[in-house]
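A short write-up of the structure that comes next.
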Amino acid sequence: GLPFNCPMDSLYLTDRWNDKKVKFREHTFLSNPHMPAEVRANRVTLTVARKGEQARPHGPDAVELPYGTPMADVGRLVRQSHPQFRVLEVANADLRRLCRWLGSAPAATAFNAVLRYITTESSRYCPSEDGG
């Protein structure tokens, strides 16, 4: 997390996210009392094996993928063992062990264009009344 607690709209212009139809939720959505129990209950934790190590067998609420698995394959691989999952939890360190291949050069170009657009012109500050 960040070293301070700020709402997303203090860091980014959410209208840009909406322009590109990028889905997002508040960081506390899983603890929201309106969150359906079936969503909260169908969480899978994704880990990625360290380089040179074998991936561990999947568990009832966990999947470990081999080091260097392409990002384009993650959804399909998780659904093979957990077809009903609704939330995928993954730590930054595990994301960094995935291959950043999105399946094709056009997919990577499109992703980069959207990311550049939604993160441009961000405020990058958090007023003290928002906990900054």
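The sequence shown: position 6 = 1028 (our numbering), numbered continuously.
The C-beta atom is built at its ideal place from N, Cα and C for all residues, glycine as well.
**Study point:** Cβ shell of F1107 (< 8 Å), same chain only, five flanking positions each side left out
**Key:** Around F1107: N1064, R1065, V1066, V1100, R1101.
**Study point:** R1138 - DSSP class collapsed to helix/strand/coil
**Key:** helix
Practice item. Please classify A1130: does DSSP put it in a helix, a strand, or coil? Key: DSSP places A1130 in the helix class (H, G or I) of the three-state scheme.
Exercise for review: Kindly indicate the opening and closing residues of the beta strand (DSSP E) around T1069.
Suggested key: 1065-1070
Check your understanding: Roughly how many angstroms lie between the CA atoms of A1115 and P1055, to the nearest whole one?
Key -> Distance between the alpha carbons of A1115 and P1055: 30 Å.
Check your understanding: So, are the CB atoms of G1097 and C1121 less than 9 Å apart?
Key -> no
Point to revise | Identified DSSP bridge partners for G1081 | key: A1084
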